[in-house]
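Asker: Residue numbers (the numbering used here), protein chains in the order written: chain A, 7 to 143; chain B, 26 to 194.
Cβ atoms here follow ideal geometry from the backbone N, Cα and C, with glycine treated the same way.
Nothing here was measured: the structure is a model prediction, and the numbers come from that model.
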Amino acid sequence: MPVAHRKKRNAPPAEKRVRNAKFQADLAPAEERALRALKQDLQLRSNTDFLIDAVALFRWAVAERRAGRQIISETKSGERRVLVLPRLERVAPELQLPWVEIEWTERELQSLVELATAPEPAPPTPALIRAMQGLPK
Amino acid sequence: MIIRRLEENDETTTFDCGDAALNNFLKRYAWINQEKISIGVTYVAVDEPASRHIFGYFTLAAGGAPHDVFPAKFVRGLPRYDLPLILLARLAVHQTHAGRGIGHALMSEVFRISLQLAEVVGCRWIIADAYRDRIGWYQKYGFLPVVGASEKGPQRMFLDLRTLRKTPL
C-alpha cells in the first residue's frame, strides 16, 4: 500500500539510530572483588548502574578541582584529609601555567645544552633537600 | 603561613621587598598577567588563606628551549616542539619579614609545583632569572648559572628536575 510504503521510507536508516555504548573491562581479580563489594555496599544491581554513578561522582570531582577547589573529608573532631588523585590534578587551575617566549642568546643556548645533556644531574644540595622535605632553612 | 595563588583583593600596594621593580611588578602587573593576559601565575605567602597581607611572592610561567639546538641523541623520539621548561620569573620577600625563611618556603613550593607539573604536562628544567647579587642564594638550592647572558640583565640559572627527583624524601 502506498501509505505504508511512505512510512517505511521516512524511518531513520539503521546505522543512524542512537545506540547505547557498550564497555568491556579487563579487571584483575582484586579489582573485580572491589567492584563487587562496592556494588553490594551501594546496592547497585548492574555494572551499568555502577558506571553511571561512578561517572557522576567523577564528573563532580573534576568540576570541583577544575574550579580550583580542593576535595576534603572531615571527621567530627575536625581532622581533615585532602583528596589528591594525580589524574584529577591534571585539571587543577594552579597547575596550568601560561606559555611565554623566552629569549635566549646563542651562548646561553649552548650553555643550556651542556647543562641539560649532562649524563648525571647535579646532586641535591643540603638547602634543596631541606626545601624538598618541607623543613625550615 | 600558607602559599596560594594571588587573588584580586590581596594587598599588593603595601608590599616592599626593597626593590622597586619587584614591588612594582606585584602592584601593577602580577594580577593582570595572571588573570587578563595569561603570561604568568603569581603565588603569594600569607599568614592564612583569607589574609591579604603578602609576606613574599614568586611568579611562574612555562617556556621552552628550541628543539634543534640539542644533539639528535638527546631529542630522539621527541616531537619537534620547543623543549618545555618552567620559568621562575620573580621571587621576592617583604623586607619586614626577611630572614624568617620565607624565601626558603617559597622555593620549596616552586619545587613542589615544578614536580607536579613535570608529571602532568612534562618539563625538564627550572630556569630562573636571578639578580646578580642573588646568584649565591640560587646556587645554594643547586641552580647552576647559564653562561652567556648579557652582563647588564639578570643571570639565568638552571636546575635539572632530575636533581629534585634524586632528593631523599
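1) Taking the straight line between their C-alpha atoms, what separation do you get for residue 178 (chain B) and residue 190 (chain B)?
2) Need the endpoints of the beta strand (DSSP E) that residue 150 (chain B) sits in, please.
3) What residues match up with residue 185 (chain B) in a beta bridge as DSSP calls it?
4) Quick check: is the beta carbon of residue 140 (chain A) nearer than 8 Å to any beta carbon in chain B?
5) Name the residues in the stretch 76–89 of chain A whose C-beta lies less than 8 Å from a C-beta of chain B; which are they?
6) When the Cα of residue 140 (chain B) is compared with those of B:113, B:31, B:186 and B:152, which residue comes out closest?
7) Using a beta-carbon distance cut-off of less than 9 Å, what residues from the stretch 174–192 of chain B approach chain A?
8) For chain B, find out if any of its Cβ atoms is closer than 8 Å to the Cβ of residue 121 (chain A); answer yes or no.
9) Quick check on residue 95 (chain A) - is its C-beta less than 8 Å from some C-beta in chain B?
10) Kindly indicate which three-state DSSP category residue 67 (chain B) falls into: helix, strand or coil?
11) Quick one: measure Cβ to Cβ for residue 173 (chain B) and residue 117 (chain A), integer angstroms, because I've assumed they're closer than 8 Å.
12) At a CB distance below 7 Å, what residues from the stretch 129–145 of chain B approach chain A? Give them in sequence order.
13) Using a Cβ-Cβ distance under 8 Å, would residue 104 (chain A) count as near chain B?
14) With DSSP as the reference, please indicate the residues paired to residue 29 (chain A) in a beta bridge.
15) I think residue 48 (chain B) touches residue 40 (chain B), with their Cβ atoms under 8 Å apart; what is that distance to the nearest whole Å?
16) I'd like to know if the stretch 82–97 of chain A and the stretch 117–137 of chain B are in contact, where contact means that at least 3 CB-CB pairs between them fall below 8 Å.
17) Please classify residue 23 (chain A) as buried or exposed, where buried requires at least 16 other C-beta atoms within 10 Å of its C-beta.
18) Where does residue 88 (chain A) sit, in a helix, a strand or coil, going by DSSP?
19) On a CA-only basis, which of B:111, B:122, B:188 and B:105 is nearest residue 127 (chain A)? Give me that one, please.
20) Determine the DSSP secondary structure at residue 180 (chain B), reduced to helix, strand or coil.
21) What residues in the stretch 46–69 of chain A have a beta carbon less than 9 Å from any beta carbon of chain B?
22) Please report whether the beta-carbon of residue 47 (chain B) lies at a distance below 8 Å from any beta-carbon of chain A.
23) Looking at the ligand MN, does it come within less than 7 Å of residue 70 (chain B), judged from the CB to the closest heavy atom?
24) Taking only runs of the alpha helix (DSSP H) that begin and end inside the stretch 55–110 of chain B, which ones reach a length of at least 4 residues, in chain order?
25) With DSSP run on the structure shown, which of helix, strand or coil describes residue 170 (chain B)?
Answerer: In terms of the structure at hand:
1) The residue labelled residue 178 (chain B) in the question sits at position 153 within the second sequence. The residue labelled residue 190 (chain B) in the question sits at position 165 within the second sequence. One C-alpha to the other measures close to 30 Å.
2) Counting from one through the second sequence, the residue named residue 150 (chain B) turns up at place 125. Element bounds for residue 150 (chain B): 150–155.
3) The residue given as residue 185 (chain B) occupies position 160 in the second sequence. According to DSSP, which records beta bridges pairwise, residue 185 (chain B) is partnered with B:150.
4) For this step, residue 140 (chain A) is matched to residue 134 along the first sequence. Closer than 8 Å: yes.
5) none
6) The sequence position of residue 140 (chain B) within the second sequence is 115, counting from 1. Checked all of B:113, B:31, B:186 and B:152; the closest Cα to residue 140 (chain B) is B:186.
7) 174, 175, 181, 183, 184, 185, 186, 187, 188, 189, 190, 191 and 192
8) Taking the first residue of the first sequence as 1, we reach residue 121 (chain A) at position 115. True, the Cβ-Cβ gap to chain B drops below 8 Å.
9) The residue given as residue 95 (chain A) occupies position 89 in the first sequence. Chain B contact via Cβ: present.
10) Reading the second sequence from its first residue, position 42 is the one you call residue 67 (chain B). Strand, per DSSP.
11) Against the second sequence, residue 173 (chain B) aligns to sequence position 148. Against the first sequence, residue 117 (chain A) aligns to sequence position 111. Going by Cβ atoms, the distance from residue 173 (chain B) to residue 117 (chain A) rounds to 5 Å, so yes, they are a contact pair.
12) 129, 132, 133, 136, 141, 142, 144 and 145
13) Translated into the one-based positions of the first sequence, residue 104 (chain A) becomes position 98. By this cut-off, residue 104 (chain A) is an interface position.
14) Position 23 of the first sequence, counted from the start, is the residue given in the question as residue 29 (chain A). Paired residues: none, contrary to the question.
15) If you number the second sequence from 1, residue 48 (chain B) lands on position 23. If you number the second sequence from 1, residue 40 (chain B) lands on position 15. Contact flag correct, Cβ pair sits at about 6 Å.
16) no
17) Residue 23 (chain A) sits at position 17 when you count from the first residue of the first sequence. Classification of residue 23 (chain A): exposed, given that the 10 Å Cβ count is below 16.
18) Taking the first sequence and counting its residues from 1, one reaches residue 88 (chain A) at position 82. The answer is strand: DSSP assigns residue 88 (chain A) an E or B state.
19) Here residue 127 (chain A) is taken as the residue at index 121 of the first sequence, counted from 1. When each option's Cα is compared against that of residue 127 (chain A), the closest is B:188.
20) On the second sequence, residue 180 (chain B) is found 155 positions in, with the first residue counted as 1. Residue 180 (chain B) falls in the strand class under three-state DSSP.
21) none
22) By 1-based counting over the second sequence, the position of residue 47 (chain B) is 22. It does not: the Cβ of residue 47 (chain B) has no partner Cβ on chain A nearer than 8 Å.
23) Annotation note on the ligand MN: not contained in the displayed structure, which lists no ligands.
24) 97–100
25) Here residue 170 (chain B) is taken as the residue at index 145 of the second sequence, counted from 1. Residue 170 (chain B) falls in the strand class under three-state DSSP.
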